[in-house]
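11 is the number of the first residue of the sequence shown in the UniProt record's numbering; add one for each residue after it.
Every residue, glycine too, gets a C-beta built ideally from N, C-alpha and C.
Right, one structure below, let's go through it.
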Amino acid sequence: MPQEFEDARTVLQQIENAGYEAYFVGGSVRDTLLNKKIHDVDIASSAYPAEIKQIFKKTIDTGIEHGTVMVIHDGNGYEVTTFRTESGYQDFRRPDKVTFVRSLKEDLMRRDFTINALALREDRTIIDIFDGVDDLNKKIIKAVGDPHERFHEDALRMMRAVRFASQLDFVINKQTLSAISENNYLLAKISVERTLVEFQKMMLGQNPNRGLIDMLGTGLSEYCPGFKNQKNKLRKLTDLKLNQLANEEQVWTLITWLLEIDQTQITSFLKQWKTSNDVIKSVIATTSVLEMQNDVKVDRMRLFKAGKINVQNAIQVSGILGKDQTKWMTVYSQLQVKNANEVAITGKDLIKAGVVKPGPEMGIILNRIKEMIINDQVQNEHTQLLKLANTIQKDSRA
Ligand code: ATP
Ligand code: MG
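So, in structure tokens, the structure goes:
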């Protein structure tokens, strides 16, 4: 068992000693069996929230209405969730009613895929009611129960299926896949924020090409913001080595590039997807660098404006598009200044030297100076810059 489980074992033992059942469940069990690193340890128990709170000295009510209590043990927090069933799902996304139950089986039945419906006891025994271990070995994503029903209950599960297909490099089971095709339109009921999380995890997974091919093949993509009737352009993505994508910014730069979205339309496109403003800013800057893709001459000012991280992102995306542009970083690293505040002369200096009075003219001169430094037309050295400022000033008056 991984260290995270060893650390949490006493929590499970204490619950069992009090006469209840407790198991590790969810992604951590799946990932352990796959020899992957685990991130969060989820515990499920037959004990009701109030009973959990009686067993442990320190607990925090993190989601008590859903049955989740956080137990503090050895300085770590562990989410313990009471076994529950869900019913209703009139809106295709969340249950109308959550009922606490004492049976593990019922709790596992509400989970999405067989590989996510495994439970692990403190004594290392695995409870595998839906042949999840077999599917793990066969690398299959298969809905628990009737896939059609399960996607009707919660349409996000369809996005989770393609996300796991990419993350784990697994194949989606045939019935499960055709149920996605049949119910693809239900994705429109899901909030964009939740779709975004799954989509990004998919694009940054082990085999994004596989996830994307499934999204396009099932028509799930048609119900994503800005993807309607864009299959032909999106298909081009599937010919590229998408597993080279390293972050969200690169994902969105590549997508907006292939969708041929104009610079000025990037913001409104990404706003539909509800990405953060930082991501939008970075995608715009990265795209402006990428636009030099076919130019012989490198526009040094563009590199300066984009900054190191976005230059890096542009090189990565360009590589995925089949062009080596490492020279962009070579040029960037040669820039005398990487930041406007590194310019060896300030407005104050200009005023003190009597070159210019405060006002818009000063800004114009400073900008011109910065541009010339970036284009290596002058050394970033105070006396030289002061001389240059005088010349610019005289020229502008002449
Ligand atoms: P990750 O590695 O991304 O954390 P995970 O499988 O742990 O993957 P979580 O979203 O953390 O995913 O959910 C934990 C568990 O809860 C899942 O393994 C699954 O059993 C169950 N689960 C999560 N979301 C759903 C859902 N929409 N429908 C059914 N079961 C779900
Ligand atoms: Mg998880």
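- Count the CB pairs spanning the region 219-235 and the region 309-318 that are closer than 8 Å, and state whether there are at least three. no
- Count the other CB atoms within 10 Å of the CB of D106; is the residue buried (16 or more) or exposed (fewer)? Here the question's residue 106 lines up with position 96 in the sequence shown. That one is exposed.
- Message: Helix, strand or coil, according to DSSP, for G369 in the structure here?
- Response: The residue labelled residue 369 in the question sits at position 359 within the sequence shown. For G369, the three-state secondary structure derived from DSSP is coil.
- Query: Taking the alpha-carbon positions, what's the V51 to Q275 distance?
  - Reply: On the sequence shown, position 41 is the one that residue 51 refers to. On the sequence shown, position 265 is the one that residue 275 refers to. Rounded to the nearest angstrom, the two C-alpha atoms are 41 Å apart.
- Query: In the structure shown, what three-state DSSP assignment does A399 receive?
  - Reply: As a working mapping, residue 399 is identified with position 389 in the sequence shown. Residue state, collapsed to three classes: helix.
- Query: Looking only at its own chain, which residues have a Cβ that is under 8 Å from the Cβ of N193, when we skip the five neighbours before and after it?
  - Reply: Reading the sequence shown from its first residue, position 183 is the one you call residue 193. Excluding sequence neighbours, N193 sits near H158, F161, H162, A165 and M168.
- Item | Range of the contiguous beta strand (DSSP E) that encloses V81 | Reading the sequence shown from its first residue, position 71 is the one you call residue 81. Its beta strand (DSSP E) spans residues T78 to H83.
- Task: Answer yes or no: the CB of A32 versus the heavy atoms of ligand 1, is any distance below 8 Å?
- Result: Locating residue 32 in the sequence shown gives position 22, where the first residue counts as 1. The answer is no for A32.
- So what does D52 bridge to, in DSSP terms? Here residue 52 refers to the residue found at position 42 of the sequence shown. Paired residue(s): V35 and E89.
- Message: For L22 and L118, I'd like the C-alpha separation in whole angstroms.
- Response: Counting from 1 along the sequence shown, the entry for residue 22 is found at position 12. Counting from 1 along the sequence shown, the entry for residue 118 is found at position 108. Rounded to the nearest angstrom, the two C-alpha atoms are 18 Å apart.
- Leaving out five residues before and five after T91 in sequence, what residues of the same chain have Cβ atoms less than 6 Å from its Cβ? Along the sequence shown, one-based indexing puts residue 91 at 81. For T91, where only same-chain residues beyond five positions count, the Cβ hits under 6 Å are A54, G77 and T78.
- Query: Got a sec, what are the start and stop residues for the alpha helix (DSSP H) V306 sits in?
  - Reply: Translated into the one-based positions of the sequence shown, residue 306 becomes position 296. No alpha helix (DSSP H) holds V306; DSSP gives it neither H nor E.
- Query: At which residues does the alpha helix (DSSP H) containing S278 begin and terminate?
  - Reply: For the purposes of this step, residue 278 is taken as the residue at position 268 of the sequence shown. Where S278 is concerned, the enclosing alpha helix (DSSP H) stretches over I276 to W283.
- Counting pairs of beta carbons, one from the region 81-88 and one from the region 124-131, are three or more of them closer than 8 Å? no
- Task: Ignoring anything shorter than 3 residues or poking outside the region 331-365, list the beta strand (DSSP E) runs there in chain order.
- Result: none
- Message: Using the three-state DSSP reduction, which class does T42 fall into: helix, strand or coil?
- Response: Sequence index remark: in the sequence shown, residue 42 carries index 32 (1-based). Helix at T42.
- Along the chain, where does the beta strand (DSSP E) that runs through R94 open and close? Taking the first residue of the sequence shown as position 1, residue 94 is located at position 84. Element bounds for R94: R94 to S97.
- Message: Please report the straight-line C-alpha distance between H49 and G215, rounded to a whole angstrom.
- Response: Within the sequence shown, residue 49 is the residue found at index 39, counting from 1. Within the sequence shown, residue 215 is the residue found at index 205, counting from 1. Roughly 15 Å separates the two Cα atoms.
- Residue range of the alpha helix (DSSP H) that G142 falls in? Against the sequence shown, residue 142 aligns to sequence position 132. From DSSP, the alpha helix (DSSP H) with G142 extends over G142 to K148.
- Candidates A354, I62 and R103: which alpha carbon is nearest E391's? Counting from one through the sequence shown, the residue named residue 391 turns up at place 381. Checking every option, the nearest Cα to that of E391 belongs to A354.
- Message: Quick check on DSSP: helix, strand or coil for K107?
- Response: Within the sequence shown, numbered from 1, the residue matching residue 107 stands at position 97. Note: K107 maps to strand in three-state DSSP.
- Task: Check the C-beta distance from V108 over to E96 and give it rounded, since I have them as a contact under 8 Å.
- Result: Counting from 1 along the sequence shown, the entry for residue 108 is found at position 98. Counting from 1 along the sequence shown, the entry for residue 96 is found at position 86. About 6 Å separates the CB atoms of V108 and E96; that is less than 8 Å, so the two are in contact.
- Message: Among K238, A316 and M372, whose alpha-carbon lies nearest the alpha-carbon of Y195?
- Response: The residue you call residue 195 lines up with position 185 of the sequence shown. Among K238, A316 and M372, the Cα nearest to that of Y195 belongs to K238.
- Item | Sequence-distant residues of the same chain with beta carbon closer than 7 Å to N183, five excluded per side | For the purposes of this step, residue 183 is identified with residue 173 of the sequence shown, where counting begins at 1. Exclusion of the five residues before and after N183 leaves I150, I151 and K152 as the residues of its chain whose Cβ lies within less than 7 Å of its Cβ.
- Please report how far the alpha carbon of F279 lies from the alpha carbon of P235, in whole angstroms. Residue mapping note: residue 279 aligns to position 269 of the sequence shown, counting from 1. Residue mapping note: residue 235 aligns to position 225 of the sequence shown, counting from 1. P235 has its alpha-carbon roughly 8 Å from the corresponding atom of F279.
- Task: Check whether the Cβ atoms of K281 and I271 lie closer than 9 Å to each other.
- Result: Along the sequence shown, read from residue 1 onward, the residue named residue 281 stands at position 271. Along the sequence shown, read from residue 1 onward, the residue named residue 271 stands at position 261. Cβ distance not < 9 Å, so K281 and I271 don't count as in contact.
- Message: Please classify M80 as buried or exposed, where buried requires at least 16 other C-beta atoms within 10 Å of its C-beta.
- Response: The residue labelled residue 80 in the question sits at position 70 within the sequence shown. Answer is buried; the Cβ neighbour count reaches 16.
- Query: Around ligand 2, which residues pass a check of Cβ closer than 6 Å to any of its heavy atoms?
  - Reply: Taken from the N-terminal end onward, the list reads G36, G37 and D50.
- Check whether the Cβ of N126 sits closer than 8 Å to any heavy atom of ligand 1, and report yes or no. If you number the sequence shown from 1, residue 126 lands on position 116. Yes, since a heavy atom of ligand 1 falls inside the 8 Å radius drawn around the Cβ of N126.
- Message: Would you say the beta carbon of R312 is closer than 8 Å to some non-hydrogen atom of ligand 3?
- Response: No copy of ligand 3 appears in this structure; the ligands present are ligand 1 and ligand 2.
- Item | Alpha carbon of M11 to alpha carbon of A129, nearest angstrom | On the sequence shown, residue 11 is found 1 positions in, with the first residue counted as 1. On the sequence shown, residue 129 is found 119 positions in, with the first residue counted as 1. The alpha-carbon atoms of M11 and A129 are separated by roughly 13 Å.
- Message: Alpha carbons only, please: which of R103, A57, R121 and F66 is nearest the one belonging to R40?
- Response: For this step, residue 40 is matched to residue 30 along the sequence shown. The residue with the shortest Cα to Cα distance from R40 is R121.
- Would the C-beta of K284 count as close to ligand 1, meaning under 8 Å from any of its heavy atoms? Within the sequence shown, residue 284 is the residue found at index 274, counting from 1. No, since every heavy atom of ligand 1 falls outside the 8 Å radius drawn around the Cβ of K284.
- Query: Can you tell me whether G36 is buried or exposed, with buried defined as 16 or more other CB within 10 angstroms of its CB?
  - Reply: The count along the sequence shown starts at 1 and reaches residue 36 at position 26. Taking a 10 Å sphere around the C-beta of G36, we find 16 or more other C-beta atoms and assign the residue as buried.
- Item | Assigned secondary structure, A18 (DSSP; H/G/I helix, E/B strand, else coil) | Residue mapping note: residue 18 aligns to position 8 of the sequence shown, counting from 1. Reduced to three states, the DSSP call for A18 is helix.
- Proximity winner among F314, E259, M339 and K333, relative to I383 (alpha-carbon distances): By 1-based counting over the sequence shown, the position of residue 383 is 373. Closest by alpha carbon: F314.
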